[in-house]
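Below: one structure, written as structure tokens.
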Amino acid sequence: MKKQYYLILLFLVFSINLQAQYGKQKKADKLYNNFAYTEAVDVYKELIANEYNLKKNRLKLADTYMKLRSPENAVFYYEDVLEDSTNISAEYYYEYAQALRGAKRYEESREWLQKYLESRGEASAEANKIQNRTNSAIQTTYKLQKSDFNSEFSDFGAVKYKGETYLISARNSKNSEKEYSWNEEPFLDIYKLNSNGEVSPISGEINTKLHDGPISFSPNGETLYFTRNNYFNNKEGKRDKEATNHLKIYSAQKSGNSWINIQELPFNSDNYSVGHPTVSQDGKTLFFASNMPGGQGGTDLYKVSIKGNNTFGIPENLGSKINTPEDETFPFIDEENVLYFSSTGHGGYGLADIFKTDLDTENIEVQNLGETINSNLDDFSYFRETNRNAGFIASNREGSDNIYSFNQLLPLVLKGKVTDAVNGNPIPRATIRLFNKNNEEIAFLESNEDGDYQTTVNRNIDIPLEAKQIEYQNFSDTLDTRNMEDSEELIYNIALQPVADVEYLAEINNIYFDFDKSNIRADAAKELDKLVKLMKEEYPDLVIEIGSHTDKRGSDIYNDALAERRAKATRDYLIAEGVSGERLQKQAFGERKPAIDCDRCSSEQHQLNRRSMFSVVKMD
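Residues 12 to 631, numbered by our numbering, are exactly what the sequence shown covers, in order.
If you want it as structure tokens, here you go:
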């Protein structure tokens, strides 16, 4: 009876505990579905500590950390489950690959991305295609600095208009009593930075108790386009069937120092989000981000014509070359019709990178802005002042969202001269090749008649270099373009060592002699004249050795003497043409080093053995 009692008690305790864990599970999932990610983390950790639904909750906790943009923590929980990937949705391969990229574990990210693609029946080449977009070659360098008007809360979306800076921030304001459950920060408002560096809310009825921003001005400054939650006339608008309050774009008109006449744009919807407005420089087109049906997936970029009086054309998706199945957000269009935007779907250095594309070209090509602008986490909200190489981005690379100012540096001009290392003469038609860190060729140049070359290169990197010319030894080195923010050009002269081969340098052939003769024939004189020019004009310090030979006919003693006469005749000819005898050494080989080693030689073979040859003794 006593044993039965304890069994019943144990069962009751187990049931109560199981019920408690079930309740926590419902709570955690509800918090997650309501975007209360910070609070959800703690509940999922409790469930894991109690070993309840371990696999599911480790994955959900990893998902939660990714929502909070903490890939290091996400990787810890993903890898614990995915090491044994049995009965795991392949979609988690992709999520894990994203988290690994955010943690700068790029090789592992590629491996898991490939597993994901293979699980969908896609070739491994597709994985390489995606990953190769990570390090797009660019020629623009940015100098980045964290802005001093950031707060302890999220700050982003900085723009400048007529010398005044506006930004989006969750810093304390009149609406700070409400917190956004996603990150437990105050809701966002639109702020303005005054001349004293003080930040205050924008005037007018722009800011509400929910999210407001980002913004964009019309070219004349009379209209402000801004994003906010579905909130109008001091009332929260209709939510969708999942109880989500979506984003909408509104406009306001300038009145003195304030903004009035707030209107909702007609293509907004209660069922999806429309936000992140930016106006073209001519004021005729509004670009925005939206997850409206019919897109590529996630959030896409759109454009719509502005017709005035709060009337617009039909929104047009910017297409699959710009939009991906992931998220494209925060568009910005400059005066040259170049579109800048943030994307998680184009590959990059981290979670979200900033890209650009020229909308005036027929073949749209999306280009990553590079490693200074982009980090392993989220980089977004690009803005550049018109006709200036300065602006703002936002990034969470140091924790919360912060605003960074940038100066856009022009490409570094690399130029120099290719010369002969011995005589200093310019070398035309030398080839110069530049490579990236993966040993892929990024530039192929050729020096001109004066030996000059010029190109543009990236800053703040190492650039392997190789120079060649057929008459010279191959040259290699590595350029360092770091810490050159204040320089417009890098001068790099290349001195090539000539090959130690006289025949090659002078472009001459061996000189030949008639049978049993040592006199210089006419054809030999032409070749020796080339050598005279080389030694007098190009290499005035060149010292050579004349080596003379005979065929195999005659005795060794006779042939040695004949070879000596031929060497002397060759030397005498060069001296007679103005070459110093101190620069001419000679040696008689007789028949000991034949060009053609034959026992019964033909007349042609005998001729090839009757010769004088030249070798370099000293060049400098």
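Here a beta-carbon is modelled for each residue, glycine too, at the ideal position from N, C-alpha and C.
Count the other CB atoms within 10 Å of the CB of N413; is the residue buried (16 or more) or exposed (fewer)?
On the sequence shown, residue 413 is found 402 positions in, with the first residue counted as 1. Around the CB of N413, 16 or more other CB atoms lie within 10 Å, so the residue is classed as buried.
Out of Q616, G565 and S591, which has the shortest C-alpha to C-alpha gap to G601?
Counting from one through the sequence shown, the residue named residue 601 turns up at place 590. Nearest C-alpha to G601: G565.
Nearest candidate by alpha-carbon position, reference D223, set S229, N207, R250 and L258
Residue 223 sits at position 212 when you count from the first residue of the sequence shown. Here the closest residue by C-alpha is L258.
Coarse secondary structure for S614, derived from DSSP in three states:
In the sequence shown, counting from the first residue as 1, residue 614 sits at position 603. Secondary structure of S614 (DSSP, three-state): helix.
What span of residues does the alpha helix (DSSP H) with M624 cover, start to end?
As a first step, residue 624 must be located in the sequence shown, where it is residue number 613. In the DSSP assignment, M624 falls outside any alpha helix (DSSP H) and within the unbroken beta strand (DSSP E) covering R622 to K629.
Which of the three DSSP states, helix, strand or coil, is assigned to V315?
To locate residue 315, count along the sequence shown from 1; it is residue 304. If DSSP states are grouped into helix, strand and coil, V315 belongs with the strands.
Measuring CB to CB, does S626 end up less than 8 Å from V513?
Within the sequence shown, the letter at position 615 stands for residue 626. Within the sequence shown, the letter at position 502 stands for residue 513. Yes.
Could you pull the start and end residues of the beta strand (DSSP E) that G113 belongs to?
Here residue 113 corresponds to residue number 102 of the sequence shown, with the count starting at 1. In the DSSP assignment, G113 falls outside any beta strand (DSSP E) and lies within the alpha helix (DSSP H) extending over E102 to G113.
Below 8 Å, how does it come out for the stretch 520-537 and the stretch 568-581: are there three or more Cβ pairs, yes or no?
Two segments are said to touch when three or more pairs of C-beta atoms, one from each, lie closer than 8 Å; by this definition the stretch 520-537 touches the stretch 568-581.
Taking 8 Å as the cut-off, decide whether the C-beta atoms of D389 and S406 are in contact.
Locating residue 389 in the sequence shown gives position 378, where the first residue counts as 1. Locating residue 406 in the sequence shown gives position 395, where the first residue counts as 1. Yes; because the gap between Cβ atoms is below 8 Å, this pair is in contact.
Would you mind giving the Cβ-Cβ distance between V433 and S458, rounded to the nearest angstrom? I have them listed as a contact below 8 Å.
Locating residue 433 in the sequence shown gives position 422, where the first residue counts as 1. Locating residue 458 in the sequence shown gives position 447, where the first residue counts as 1. 17 Å between Cβ atoms; not a contact.
Secondary structure of R444, DSSP reduced to three states:
What you label residue 444 is simply residue 433 of the sequence shown in a count that begins at 1. Of the three classes helix, strand and coil, the one that applies to R444 here is strand, per DSSP.
Rounded C-beta distance between L58 and N64? I'm assuming under 8 Å.
Your numbering for residue 58 matches position 47 in the sequence shown. Your numbering for residue 64 matches position 53 in the sequence shown. The Cβ separation is near 7 Å, so the contact holds.
How big is the Cα-Cα spacing for G208 and V52?
In the sequence shown, the residue the question calls residue 208 occupies position 197. In the sequence shown, the residue the question calls residue 52 occupies position 41. It is roughly 37 Å from the alpha-carbon of G208 to the alpha-carbon of V52.
What is the DSSP secondary structure of S130, reduced to helix, strand or coil?
Counting from 1 along the sequence shown, the entry for residue 130 is found at position 119. S130: helix per DSSP, three-state reduction.
Within this structure, are the beta carbons of Y261 and F237 separated by less than 8 Å?
As a position in the sequence shown, residue 261 is number 250, starting the count at 1. As a position in the sequence shown, residue 237 is number 226, starting the count at 1. Yes, they are a contact pair.
Answer yes or no: do L124 and V86 have a C-beta to C-beta separation smaller than 8 Å?
Translated into positions along the sequence shown, residue 124 becomes position 113. Translated into positions along the sequence shown, residue 86 becomes position 75. No, Cβ-Cβ distance for L124 and V86 is not below 8 Å.
Any idea which residues DSSP pairs Q596 with across the strands?
As a position in the sequence shown, residue 596 is number 585, starting the count at 1. The secondary-structure analysis by DSSP pairs Q596 across a beta bridge with E556.
Just mark K314 as buried or exposed, buried being the case when its beta carbon has 16 or more other beta carbons within 10 Å.
Translated into positions along the sequence shown, residue 314 becomes position 303. Flag for K314 reads buried.
Inside the stretch 407-475 only - beta strand (DSSP E) runs reaching at least 3 residues:
Along the stretch 407-475, the beta strand (DSSP E) occurs as fully enclosed runs of 3 or more residues at 413-420, 423-431, 442-446, 452-457 and 463-468, listed in sequence order.
Mapping DSSP to helix, strand and coil, what is I519?
In the sequence shown, residue 519 corresponds to position 508, counting from 1. Three-state result, I519: coil.
Spatially closest choice to L501 from N520, N469 and E518, by CA coordinates:
For this step, residue 501 is matched to residue 490 along the sequence shown. The shortest C-alpha separation from L501 is found at N469.
Can you name, in chain order, every residue of its own chain whose Cβ lies under 6 Å from the Cβ of M630, other than the five neighbours on each side?
Stepping through the sequence shown from its first residue, residue 630 is reached at position 619. Excluding residues within five positions, the ones whose Cβ falls inside 6 Å are V433 and L553.
Tell me which residue opens and which closes the beta strand (DSSP E) that D200 is part of.
Start at 1 with the first residue of the sequence shown, and residue 200 comes out as number 189. In the DSSP assignment, D200 falls within the beta strand (DSSP E) that extends over D200 to L204.
Using the DSSP secondary-structure output, state which residues sit across from S180 in a beta bridge.
One-based indexing of the sequence shown puts residue 180 at position 169. For S180, DSSP records a beta bridge to D166 and D200.
What distance in whole Å lies between the Cβ atoms of S214 and S269, which are believed to be in contact at a cut-off of 8 Å?
By 1-based counting over the sequence shown, the position of residue 269 is 258. By 1-based counting over the sequence shown, the position of residue 214 is 203. In this structure S269 is in contact with S214, their Cβ atoms being roughly 4 Å apart against a cut-off of 8 Å.
In terms of residue numbering, what span does the beta strand (DSSP E) encompassing I375 cover?
Here residue 375 refers to the residue found at position 364 of the sequence shown. Unbroken run through I375: none, as it is neither H nor E.
Pick out whichever of E373, A478, K126 and N485 has its Cα sitting closest to the Cα of D463.
Here residue 463 corresponds to residue number 452 of the sequence shown, with the count starting at 1. Residue A478 is the option with its Cα nearest to D463.
Quick check on this structure: which residue in Y503, I179 and E549 has the alpha carbon closest to the alpha carbon of E518?
If you number the sequence shown from 1, residue 518 lands on position 507. Measuring from the Cα of E518, the nearest candidate turns out to be E549.
Quickly, what does DSSP pair S353 with across the bridge? List them, please.
Locating residue 353 in the sequence shown gives position 342, where the first residue counts as 1. Paired residues: T340 and I365.
Select from E396, T372 and L350 the residue whose C-alpha is nearest the C-alpha of N379.
By 1-based counting over the sequence shown, the position of residue 379 is 368. Between N379 and the set E396, T372 and L350, the nearest pair of CA atoms involves L350.
Going by Cα to Cα distance, which pick from F198, T219, E83 and G174 is closest to L204?
In the sequence shown, residue 204 corresponds to position 193, counting from 1. With distances taken between Cα atoms, L204 lies closest to G174.
Let me know the secondary structure DSSP gives I217 once reduced to three states.
Here residue 217 refers to the residue found at position 206 of the sequence shown. In the displayed model, I217 falls within coil according to three-state DSSP, outside both helix and strand.
For a quick check, are the C-beta atoms of L421 and S498 less than 8 Å apart?
Residue 421 sits at position 410 when you count from the first residue of the sequence shown. Residue 498 sits at position 487 when you count from the first residue of the sequence shown. The criterion of a C-beta distance shorter than 8 Å is not satisfied by L421 and S498.
When the distance is taken between beta carbons, is S206 closer than 8 Å to R182?
Numbered from its first residue, the sequence shown carries residue 182 at position 171. Numbered from its first residue, the sequence shown carries residue 206 at position 195. Judged by their CB atoms, R182 and S206 are not nearer to each other than the 8 Å cut-off.
Quick check on the burial criterion: 16 or more other C-beta atoms within 10 angstroms. Buried or exposed for G232?
In the sequence shown, counting from the first residue as 1, residue 232 sits at position 221. By the 16-neighbour rule on beta-carbons within 10 angstroms, G232 is exposed.
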